[in-house]
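Reviewing the structure listed below.
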Amino acid sequence: MPNLIADQLMGLLDRPALQSLMEQAATTARTTGQPLAVLTLDLDHFKAYLEDQGHAQAQTVLARAAALLSSLQPAGASLAHLGGDEFVMLLPATDLPAAVATAETLRLAIEKEFAALTGPTPLTVTLGAAASPVGAGWTARSLLALADARMTFGKKRLLPHHNRVWSGALPSDWYPRFDVQAEVWPSL
29 MPNLIADQLM GLLDRPALQS LMEQAATTAR TTGQPLAVLT LDLDHFKAYL
79 EDQGHAQAQT VLARAAALLS SLQPAGASLA HLGGDEFVML LPATDLPAAV
129 ATAETLRLAI EKEFAALTGP TPLTVTLGAA ASPVGAGWTA RSLLALADAR
179 MTFGKKRLLP HHNRVWSGAL PSDWYPRFDV QAEVWPSL
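Numbering-wise (this note's numbering), the sequence shown opens with residue 29 and increments by one.
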């Protein structure tokens with residue numbers, strides 16, 4: 029029997045491919061002066077859904093989410109599956125407001141796609157958004173870390189703890205957790 033999830037996710041970047049592409053995109057962005065944005069996405073309540081509905085049904089949902097995200101990614105964007113229910117979308121030549129608009133489109137589409145699923149809680153998505161600052165004092169790693177921290181902060185610290193896009197400020201004690209210097213990132 030074919031592995032549905034492997035078939036559906038085959039066209040997506042994996043973690044090593046994403047890292048390589050991000051380094052290339054960061055170099056291009058710094059050279060051209062164009063922004064580079066990253067969205068990190070994590071399905072809300074996926075673990076509870078997996079435990080309630082079983083592995084096969086959870087795999088089907090994950091494949092549906094991947095297909096939907098792929099269909100909605102803007103031209104020039106790249107989508108990666110990092111494992112489990114985590115995805116990253118790389119958006120070249122995209123500033124923070126445009127990245128947030130894309131994230132909101134994705135959030136609403138996921139909410140609508142899975143509204144009728146049975147399970148303990150609705151499947152939605154929380155997204156973190158970050159875009160490169162002007163200048164050369166940033167790295168691909170710090171951009172991804174900032175987007176991921178924003179997603180985590182939005183999911184765990186802000187109410188409601190799911191189904192949101194977060195691109196806002198983080199507590200200053202979060203900065204040492206990743207390679208971000210607050211003075212380089214005007215959006216912090």
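Even glycine gets a Cβ: it sits at the ideal position worked out from N, Cα and C.
Proximity to L69 [Cα-Cα], best of T133, G165, M117 and L151: M117
Coil, strand or helix - W166 by DSSP: coil
Whole beta strand (DSSP E) elements within the segment 37-86, 3-residue minimum: 64-72
The segment 59-66 touching the segment 119-139, judged by at least three CB pairs closer than 8 Å: yes
Inter-residue spacing [alpha-carbon to alpha-carbon] between F115 and Q101: 12 Å
S195 to L172 span [Cα, whole Å]: 12 Å
Buried or exposed (CB count within 10 angstroms, at least 16 for buried), R135: buried
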